[in-house]
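S.K.: To start, I am sharing the structure in question, which I have written as structure tokens.
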Amino acid sequence: MNKYIIPGIIVIALLAGGYFVFTSNNLAGLSQNPNQQSSEVQQQLNGTVENTVTVVPANHEVIYTDPGYSPSELIIKIGDTVTFKNQSSREIWTGSAMHPVHTAYSGTSLQQHCPDPSNTSFDQCKSEQPGTSWSFTFTKAGTWGYHNHVNASHFGKIIVK
Numbered sequence: 001m002n003k004y005i006i007p008g009i010i011v012i013a014l015l016a017g018g019y020f021v022f023t024s025n026n027l028a029g030l031s032q033n034p035n036q037q038s039s040e041v042q043q044q045l046n047g048t049v050e051n052t053v054t055v056v057p058a059n060h061e062v063i064y065t066d067p068g069y070s071p072s073e074l075i076i077k078i079g080d081t082v083t084f085k086n087q088s089s090r091e092i093w094t095g096s097a098m099h100p101v102h103t104a105y106s107g108t109s110l111q112q113h114c115p116d117p118s119n120t121s122f123d124q125c126k127s128e129q130p131g132t133s134w135s136f137t138f139t140k141a142g143t144w145g146y147h148n149h150v151n152a153s154h155f156g157k158i159i160v161k
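Here the sequence shown stands for residues 1 to 161, numbered as in full-length UniProt numbering.
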């Protein structure tokens, strides 16, 4: 009988040690991201599963130089902001397509929406000197062409998904 007690104690000790090692690794993972774990616990306790995706709006840059806009095409998400930076030697006036009326994004003409203090028409509404920038937050999905109203041969598009 003694020959079974010592091996039994060793097996129990190994199992207990393995259990503590395994659970301490899982607890370390819990403390690294408490929000994620509490979300999973709530889902398990109430029996429902909710897929919640938090989208953090991003900021993007389009640089305007003497040859034009770069990148000339940009893919973003609804709620993202694009900053147009004038690093050229000329004035810039970024406006929604089509030149010269700028109606594509807002459905209103340049004469109807400029000045645009609420910044909702995707139109800078005035020319700005080199070294300046202008930002616009896109709230509608679609493909939105734009151009430099001062030099309409410079254009690009923003694809909002």
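Positions of the beta carbon are idealized from the N, C-alpha and C atoms, including for glycine.
Give every residue of the same chain whose Cβ lies closer than 7 Å to the Cβ of residue 94, excluding the five residues on either side of it in the sequence, and list them in chain order.
M.R.: For the purposes of this step, residue 94 is identified with residue 94 of the sequence shown, where counting begins at 1. If the five residues before and after residue 94 are omitted, its C-beta is found closer than 7 Å to the C-beta atoms of 84, 124, 134, 146, 148, all from its own chain and listed in chain order.
S.K.: Would you say residue 155 lies against chain D (beta-carbon separation less than 7 Å)?
M.R.: Protein chains in the displayed structure number just one, and chain D is not present.
S.K.: Hey, could you find the ends of the beta strand (DSSP E) residue 113 is sitting in?
M.R.: The sequence position of residue 113 within the sequence shown is 113, counting from 1. Here residue 113 belongs to no beta strand (DSSP E); instead the alpha helix (DSSP H) covers 110-113.
S.K.: State buried or exposed for residue 156, treating a residue as buried only when at least 16 other CB atoms are found within 10 Å of its CB.
M.R.: For this step, residue 156 is matched to residue 156 along the sequence shown. When all chains shown are included, residue 156 counts as buried.
S.K.: At the level of alpha carbons, what is the spacing between residue 68 and residue 87?
M.R.: Taking the sequence shown and counting its residues from 1, the one referred to as residue 68 is at position 68. Taking the sequence shown and counting its residues from 1, the one referred to as residue 87 is at position 87. Taking the straight line from one Cα to the other gives about 10 Å.
S.K.: With DSSP as the reference, label residue 3 as helix, strand or coil.
M.R.: Indexing the sequence shown from 1 puts residue 3 at position 3. Helix at residue 3.
S.K.: So, with DSSP's three-state summary, where would you put residue 131?
M.R.: Position 131 of the sequence shown, counting from 1, holds the residue named residue 131. DSSP places residue 131 outside both helix and strand once states are collapsed to three, so it counts as coil.
S.K.: Measuring alpha carbon to alpha carbon, tell me which residue in 70, 122, 12 is nearest residue 139.
M.R.: Mapped onto the sequence shown, residue 139 falls at position 139. Answer by Cα proximity: 122.
S.K.: How would you call residue 11, buried or exposed, if buried means at least 16 neighbouring beta carbons within 10 angstroms?
M.R.: The residue given as residue 11 occupies position 11 in the sequence shown. So residue 11 ends up on the exposed side.
S.K.: With DSSP collapsed to three states, give me the class of residue 26.
M.R.: Locating residue 26 in the sequence shown gives position 26, where the first residue counts as 1. Note that residue 26 has pLDDT 45, beneath the 50 cutoff, so the model's placement of it is unreliable and no number is given.
S.K.: Distance check for residue 61 and residue 100, CA to CA, integer angstroms please.
M.R.: Looking up residue 100 in the sequence shown gives position 100. Looking up residue 61 in the sequence shown gives position 61. Going from the Cα of residue 100 to the Cα of residue 61 covers about 24 Å.
S.K.: If you run the structure through DSSP and keep just helix, strand and coil, what is residue 145?
M.R.: The residue labelled residue 145 in the question sits at position 145 within the sequence shown. Strand at residue 145.
S.K.: Which residues share a DSSP beta bridge with residue 103?
M.R.: Taking the first residue of the sequence shown as 1, we reach residue 103 at position 103. Paired residue(s): none; residue 103 is not in a bridge.
S.K.: Output the boundary residues of the beta strand (DSSP E) element that contains residue 82.
M.R.: Along the sequence shown, one-based indexing puts residue 82 at 82. From DSSP, the beta strand (DSSP E) with residue 82 extends over 81-86.
S.K.: To the nearest angstrom, report how far apart residue 14 and residue 141 are at their CA atoms.
M.R.: Reading the sequence shown from its first residue, position 14 is the one you call residue 14. Reading the sequence shown from its first residue, position 141 is the one you call residue 141. Cα-Cα distance, rounded: 59 Å.
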